[in-house]
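Read through the structure below, which is laid out as structure tokens, and then see the notes.
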Amino acid sequence: MTALGTPSAAAPGTVGAAARPSRRRAAPGGRGREAVTGCLFVAPALLLFAVMGLYTVGYGFLLGFARWNGFAPHWDWVGLDNYADLLWRDPVYAPRVREAAVNTLSVMVAVPVLTVAVSFPLAVALSRVRRAQAVLRSVYFLPYVTSGIAVFYAWQYILQPDGAVNYLLGVLGLGSLQEPQGFLGDPATALPTMIVVTVWTEVPVAMLLYLTGLQTIDRGLTEAAALDGAGWWRIQASVVWPLLRPITAIVVLLTLRSALHGFQTFLIMTNGGPGTHTNVLGLEAYRLAFLAKFAPTLGLASALGWMLFAVAIVLALINLRALRSRV
Amino acid sequence: MPTSRPLSPSPGRSSPPPRRARLAALGLAAALSASVLSGCGGASGAGPAAVTMWTFKQSHVAGLRAAAAEFGRRTGIEVRIQAYTPDDAYTIKVQSSAITGDLPDVFEVHSDGEDFVYGAAGIVQDLRGRIPASWNDRFNPAVRRSGTVTQDKYEQSLPPTSTSHGVPKGARYSLPFTIGTFGIVYANKAKLAAAGITRPPATWEEFIADLRKTTAKEPRTGGLSLGLKVPSTGLNWIGQPLAFAQLGRGGYEALYGREKSADWGSPKGTEVLEAYDRLTPYWMPGTQSLTIDDADQAFAQGKSAFDIGGTFTLAFLQEAGMKADDILAFGLPAPRKGAVKDLALGPIALTGLALSGASPREDEARRWMRYLSEPDVAARFSKAASDLSATELGAESADVLGPNLARLMETFRGTPENTYNPYDTSFRPPTLDMDEAGAPLIDMSPLRQTGPAKTGLRLRKLIDSYWQEAR
Numbered sequence: 005m006t007a008l009g010t011p012s013a014a015a016p017g018t019v020g021a022a023a024r025p026s027r028r029r030a031a032p033g034g035r036g037r038e039a040v041t042g043c044l045f046v047a048p049a050l051l052l053f054a055v056m057g058l059y060t061v062g063y064g065f066l067l068g069f070a071r072w073n074g075f076a077p078h079w080d081w082v083g084l085d086n087y088a089d090l091l092w093r094d095p096v097y098a099p100r101v102r103e104a105a106v107n108t109l110s111v112m113v114a115v116p117v118l119t120v121a122v123s124f125p126l127a128v129a130l131s132r133v134r135r136a137q138a139v140l141r142s143v144y145f146l147p148y149v150t151s152g153i154a155v156f157y158a159w160q161y162i163l164q165p166d167g168a169v170n171y172l173l174g175v176l177g178l179g180s181l182q183e184p185q186g187f188l189g190d191p192a193t194a195l196p197t198m199i200v201v202t203v204w205t206e207v208p209v210a211m212l213l214y215l216t217g218l219q220t221i222d223r224g225l226t227e228a229a230a231l232d233g234a235g236w237w238r239i240q241a242s243v244v245w246p247l248l249r250p251i252t253a254i255v256v257l258l259t260l261r262s263a264l265h266g267f268q269t270f271l272i273m274t275n276g277g278p279g280t281h282t283n284v285l286g287l288e289a290y291r292l293a294f295l296a297k298f299a300p301t302l303g304l305a306s307a308l309g310w311m312l313f314a315v316a317i318v319l320a321l322i323n324l325r326a327l328r329s330r331v
Numbered sequence: 063m064p065t066s067r068p069l070s071p072s073p074g075r076s077s078p079p080p081r082r083a084r085l086a087a088l089g090l091a092a093a094l095s096a097s098v099l100s101g102c103g104g105a106s107g108a109g110p111a112a113v114t115m116w117t118f119k120q121s122h123v124a125g126l127r128a129a130a131a132e133f134g135r136r137t138g139i140e141v142r143i144q145a146y147t148p149d150d151a152y153t154i155k156v157q158s159s160a161i162t163g164d165l166p167d168v169f170e171v172h173s174d175g176e177d178f179v180y181g182a183a184g185i186v187q188d189l190r191g192r193i194p195a196s197w198n199d200r201f202n203p204a205v206r207r208s209g210t211v212t213q214d215k216y217e218q219s220l221p222p223t224s225t226s227h228g229v230p231k232g233a234r235y236s237l238p239f240t241i242g243t244f245g246i247v248y249a250n251k252a253k254l255a256a257a258g259i260t261r262p263p264a265t266w267e268e269f270i271a272d273l274r275k276t277t278a279k280e281p282r283t284g285g286l287s288l289g290l291k292v293p294s295t296g297l298n299w300i301g302q303p304l305a306f307a308q309l310g311r312g313g314y315e316a317l318y319g320r321e322k323s324a325d326w327g328s329p330k331g332t333e334v335l336e337a338y339d340r341l342t343p344y345w346m347p348g349t350q351s352l353t354i355d356d357a358d359q360a361f362a363q364g365k366s367a368f369d370i371g372g373t374f375t376l377a378f379l380q381e382a383g384m385k386a387d388d389i390l391a392f393g394l395p396a397p398r399k400g401a402v403k404d405l406a407l408g409p410i411a412l413t414g415l416a417l418s419g420a421s422p423r424e425d426e427a428r429r430w431m432r433y434l435s436e437p438d439v440a441a442r443f444s445k446a447a448s449d450l451s452a453t454e455l456g457a458e459s460a461d462v463l464g465p466n467l468a469r470l471m472e473t474f475r476g477t478p479e480n481t482y483n484p485y486d487t488s489f490r491p492p493t494l495d496m497d498e499a500g501a502p503l504i505d506m507s508p509l510r511q512t513g514p515a516k517t518g519l520r521l522r523k524l525i526d527s528y529w530q531e532a533r
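Just so you know, the sequences run in chain order A and B. Here the first sequence is numbered in the working numbering, starting from 5 and rising by one per residue. Here the second sequence is numbered in the working numbering, starting from 63 and rising by one per residue.
Written as structure tokens, this is what we have:
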């Protein structure tokens with residue numbers, strides 16, 4: 005006896021028969037109506053994308069070829085001048101961009117390396133913990149869910165001359181490591197400190213990805229390696245780490261992206277300072293757009309943004325290529 | 063066997079939903095589309111009947127609202143005051159509202175700068191010839207032409223990269239609202255007393271000696287705070303007045319010129335930078351990481367003995383909990399052997415009022431602007447905001463303003479020869495970014511990365527690049 009309302013229980017022919025008439029009914033004018041209905045359903049999303057996505061992307065791209073301060077009634081078209089000015093030609097902007105590029109490069113090298121170096125061992129350790137695993141995972145994931153302006157302000161206070169870090173170092177008898185000007189106030193420590201804070205925000209997601217990857221590894225592989233005489237370190241280095249390379253590639257890609265584009269942390273915590281010692285390209289683009297005191301540099305900001313986009317695409321392609329060759 | 067009739071279509075197959083459901087879905091989709099479209103629209107056409115005014119100064123809000131309430135009682139015209147802070151957020155707000163046509167009737171603007179940008183963009187009205195003498199003469203004589211595109215300002219607007227490119231000569235885009243100056247030193251009286259200091263320093267050397275005493279007494283909290291996270295503050299508020307006092311007007315202006323024998327890289331420039339560098343041991347630790355507000359806050363919390371700002375800083379310090387009696391305020395003192403011995407800090411219009419170019423309530427807005435310039439209204443506003451109104455308050459101004467504001471006004475008194483005018487920038491490259499120029503100074507002091515001579519050469523190179531760009 006077939007239960008009413010359970011199509012899977014119906015004979016195949018019966019289901020087909022039930023479906024076919026409805027299709028036939030839809031054929032003459034129904035399909036058109038269906039299409040219209042479907043279009044209307046997606047219309048809000050399409051409209052939003054057209055306004056917020058295509059329009060702004062196109063607007064931004066065109067702005068890269070113009071000189072404008074955001075107020076003037078018209079743009080002055082300058083062709084590729086903005087790109088040339090940023091890269092080599094303008095005696096004011098080109099040196100600034102070069103200095104910011106060097107800082108950005110430091111961040112782009114250090115952040116992915118440190119993020120992987122911290123998050124992989126952390127994930128391995130967490131996967132081995134038997135007690136309070138969920139609590140520990142939540143604790144290590146906290147930086148991600150709490151990240152925001154308030155947290156960066158908190159970091160700023162912690163790193164001040166009379167902040168918690170200096171205090172802690174003093175209490176621990178490590179006064180020689182204290183930074184009298186604050187860790188953000190000394191050019192020697194400001195950029196490394198910013199890198200550490202950026203890594204702190206990147207580690208949770210990277211750790212989660214590694215944890216996910218660790219759970220997918222066939223236990224038989226590690227047991228086989230152990231039977232072959234491999235120790236714990238050897239198993240991690242020669243079995244687990246190679247198997248997690250795709251995850252590492254994703255982590256590196258994500259952290260590169262944020263190192264290249266991220267500027268909020270720098271804007272809030274250092275504003276590129278002291279002096280210009282922590283200026284990065286993302287912050288420079290933001291400054292040109294919004295902190296230029298009405299100078300007509302929105303076009304320069306847009307051009308810099310598109311150059312960063314191009315670099316991000318190239319890095320993503322390289323990463324993808326590396327990922328494919330390893331998988 | 064009975065034919066089964068599924069209640070829901072099998073996966074992968076679809077049948078049209080009932081007509082009523084489709085209609086409901088269509089209605090919902092249409093509503094969503096409409097809401098998206100309406101969200102893109104401006105607020106024009108349905109604006110409030112009241113005059114709206116925007117300000118970027120939170121400390122002005124209470125005074126303005128009190129004035130608006132009184133204005134409303136007298137005229138029946140409602141004025142709504144809205145504040146957007148900090149300055150950067152205000153700029154972005156005006157920028158985006160100019161694009162969407164959603165601007166207020168009256169703006170508070172940074173005088174002789176921001177107003178010209180808005181004027182060039184056509185979003186504020188040219189008030190030339192529309193301000194009768196009976197109105198304009200209420201203002202302090204030093205700022206009666208504020209907001210006007212003078213010959214100097216016009217010449218500075220000529221390069222296409224100038225922020226005010228396109229303004230016509232003689233146009234007037236704002237009326238002065240508050241006045242003041244930079245280079246005002248605030249000292250914590252208790253800390254001075256603890257260090258045995260009983261009077262304000264008369265010279266730069268005495269100021270350095272006082273700093274030495276206060277930091278000797280309190281090494282961590284006896285120094286000088288300044289918001290060097292905004293790199294221009296060191297140069298604008300200390301470096302330039304100091305250079306003016308040390309070298310006189312001609313020598314000061316030549317620092318920004320193209321003549322290498324007199325610019326920042328010259329021996330004269332190095333001399334000024336050496337004087338500035340004498341502050342290096344006495345900065346509050348970490349002052350280079352503080353914003354202007356943070357530095358003022360640190361001073362108010364007793365983390366420094368001295369704080370440098372403008373006349374406007376007083377209001378902030380009082381808001382931060384300091385009492386007028388706790389503070390000793392004085393103008394930046396001149397070096398003993400400088401060309402200008404008795405340095406005066408010229409009053410400038412710090413903020414002005416601009417009238418929107420698209421205001422539908424222009425007459426009411428103008429009445430409101432004029433009302434704010436009335437002496438009794440201005441006096442009440444000054445007192446409420448702890449700020450100096452551009453309106454002359456007459457002989458009783460000391461009574462109206464209180465001792466601190468009155469003392470600050472003393473710093474304005476000078477002759478053309480000994481008065482430093484921070485808004486006179488006619489001798490500088492027109493697009494010079496002062497934050498950019500301030501960065502080398504921070505590397506010298508407090509960071510000790512470079513010495514005065516090298517800093518002078520960096521400044522020379524930077525200023526040269528701006529001259530090249532201007533060409």
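Glycine residues also receive a C-beta, built at the ideal position from the N, C-alpha and C atoms. As the structure is a computational prediction, the values presented were derived from the model and not from experiment.
Checklist entry - What residues from the segment 61-78 of chain A come within 9 Å of chain B, judged by C-beta to C-beta, listed N to C? => result Residues 71, 73, 74, 75, 76, 77.
Item to check | Three-pair Cβ contact test at 8 Å for the segment 325-341 of chain B versus the segment 514-526 of chain B | outcome: Note that the segment 325-341 of chain B touches the segment 514-526 of chain B; at least 3 beta-carbon pairs, one per stretch, sit closer than 8 Å.
Item to check | residue 161 of chain A burial status per 10 Å Cβ neighbour count (16 or more: buried) | outcome: With fewer than 16 other Cβ atoms within 10 Å, it is exposed.
Item to check | Any chain B beta carbon closer than 7 Å to residue 299 of chain A | outcome: At least one chain B Cβ lies under 7 Å of residue 299 of chain A.
Item to check | Residue interval of the beta strand (DSSP E) (run including residue 369 of chain B) | outcome: First-last of the beta strand (DSSP E) with residue 369 of chain B: 368-372.
Item to check | Whole runs of the beta strand (DSSP E) within the segment 134-174 of chain B, excluding any shorter than 3 residues | outcome: For the segment 134-174 of chain B, whole beta strand (DSSP E) runs of length 3 or above, ordered along the chain, are 141-145, 168-172.
Next on the checklist: My assumption, with CB atoms under 8 Å, is that residue 407 of chain B sits in contact with residue 473 of chain B. Please give the rounded CB distance.
Outcome noted: Sure, about 5 Å apart at Cβ, within 8 Å.
Checklist entry - How would you label residue 302 of chain B, buried or exposed, when you count the other beta carbons within 10 angstroms and need 16 or more for buried? => result When all chains shown are included, residue 302 of chain B counts as buried.
Checklist entry - Just reading off the beta strand (DSSP E) that residue 389 of chain B is part of, what are its end residues? => result Boundaries of the beta strand (DSSP E) harbouring residue 389 of chain B: 389-393, taken from the DSSP string.
Next on the checklist: Let me see if you follow: with CB-CB separation under 7 Å, is residue 96 of chain B close to chain A or not?
Outcome noted: For residue 96 of chain B, the pLDDT reaches just 47, beneath the cut-off of 50, and the residue's location in the model is therefore unreliable, although a value from the coordinates is still provided. By this cut-off, residue 96 of chain B is not an interface position.
Item to check | Neighbour flag for residue 525 of chain B against chain A, beta carbons, 7 Å | outcome: Contacts with chain A at 7 Å (Cβ-Cβ) do not include residue 525 of chain B.
Checklist entry - So the beta strand (DSSP E) residue 116 of chain B belongs to, where does it begin and stop? => result The continuous beta strand (DSSP E) containing residue 116 of chain B extends over residues 113-117.
Next on the checklist: Here's the rule: buried if 16 or more other CB atoms are within 10 angstroms of the residue's CB, otherwise exposed. What is residue 216 of chain A?
Outcome noted: By the neighbour-count definition (other C-beta atoms within 10 Å, threshold 16), residue 216 of chain A is an exposed residue.
Checklist entry - Between the beta-carbon of residue 368 of chain B and the beta-carbon of residue 441 of chain B, is there less than 7 Å? => result No. Outside cutoff.
Next on the checklist: Taking the straight line between their C-alpha atoms, what separation do you get for residue 617 of chain B and residue 387 of chain B?
Outcome noted: Any answer about residue 617 of chain B is impossible in this case: the structure gives chain B only from 63 up to 533.
Next on the checklist: Quick check on residue 246 of chain A: buried or exposed, where buried means 16 or more other Cβ atoms within 10 Å of its Cβ?
Outcome noted: Residue 246 of chain A should be labelled exposed.
Checklist entry - Do the segment 203-216 of chain B and the segment 370-381 of chain B make contact, defined as three or more Cβ pairs closer than 8 Å? => result With a cut-off of 8 Å on Cβ pairs, the segment 203-216 of chain B is not in contact with the segment 370-381 of chain B, counting fewer than three such pairs.
Item to check | Buried versus exposed call for residue 56 of chain B [16 or more other C-beta atoms within 10 Å across all chains shown] | outcome: Past the boundaries of the shown model lies residue 56 of chain B; chain B is included only from 63 to 533, so the question cannot be answered.
Checklist entry - Does the segment 51-68 of chain A touch the segment 269-281 of chain A, meaning 3 or more C-beta pairs lie closer than 8 Å? => result Flag = no, the segment 269-281 of chain A and the segment 51-68 of chain A do not touch.
Item to check | Own chain partners of residue 91 of chain B with C-beta closer than 7 Å, once the 5 adjacent residues on each side are dropped | outcome: Here residue 91 of chain B scores only 48 on pLDDT, less than 50, and its place in the model is too uncertain to base an answer on.
Next on the checklist: Alpha carbons only, please: which of B:436, B:130, B:266 is nearest the one belonging to residue 300 of chain B?
Outcome noted: B:266 is the residue among B:436, B:130, B:266 whose C-alpha sits nearest the C-alpha of residue 300 of chain B.
Next on the checklist: Against residue 133 of chain A, what residues of chain B qualify as contacts under a CB-to-CB distance less than 7 Å, listed in chain order?
Outcome noted: The contacting residues do not exist; residue 133 of chain A stays about 38 Å from chain B at best.
Item to check | Integer-rounded CB distance, given that residue 285 of chain A should sit under 8 Å from residue 403 of chain A | outcome: Look at the range of chain A in this structure, 5 to 331, and you will see that residue 403 of chain A is not part of it.
Checklist entry - Measuring CA to CA, which of B:467, B:461, B:433, B:514 is closest to residue 237 of chain B? => result Relative to the Cα of residue 237 of chain B, the nearest Cα in the group B:467, B:461, B:433, B:514 belongs to B:433.
Checklist entry - If the cut is a Cβ gap below 8 Å, which residues of chain B does residue 274 of chain A touch? => result Per Cβ cutoff of 8 Å: 291, 351.
Item to check | chain B contact residues for residue 195 of chain A, given Cβ-Cβ distances below 8 Å | outcome: In chain B, no part has a C-beta under 8 Å from the C-beta of residue 195 of chain A; the shortest such distance is about 13 Å.
Next on the checklist: Between the segment 160-178 of chain B and the segment 59-69 of chain A, can you find at least three pairs of beta-carbon atoms closer than 8 Å?
Outcome noted: No: fewer than three Cβ pairs fall under 8 Å.
Next on the checklist: Alpha carbons only, please: which of B:239, B:146, B:383, B:254 is nearest the one belonging to residue 275 of chain B?
Outcome noted: Closest option to residue 275 of chain B, Cα to Cα, is B:254.
Next on the checklist: Distance check for residue 178 of chain A and residue 350 of chain B, CA to CA, integer angstroms please.
Outcome noted: Cα atoms of residue 350 of chain B and residue 178 of chain A: separation of roughly 24 Å, rounded to the nearest angstrom.
Item to check | Nearest to residue 237 of chain A (by Cα), restricted to the options A:313, A:309, A:125, A:292 | outcome: When each option's Cα is compared against that of residue 237 of chain A, the closest is A:125.
Checklist entry - My guess is that residue 182 of chain A and residue 348 of chain B are in contact by the Cβ rule of under 8 Å, so how many angstroms apart are they, rounded? => result Going by Cβ atoms, the distance from residue 182 of chain A to residue 348 of chain B rounds to 12 Å, so no, they are not a contact pair.
Checklist entry - Exposed or buried, what is residue 312 of chain B when buried is set at 16 or more other beta-carbons lying within 10 Å of its beta-carbon? => result Exposed is the call here.
Checklist entry - Got a sec, what are the start and stop residues for the beta strand (DSSP E) residue 244 of chain B sits in? => result It spans 244-250 - the beta strand (DSSP E) in which residue 244 of chain B sits, taken as one unbroken run.
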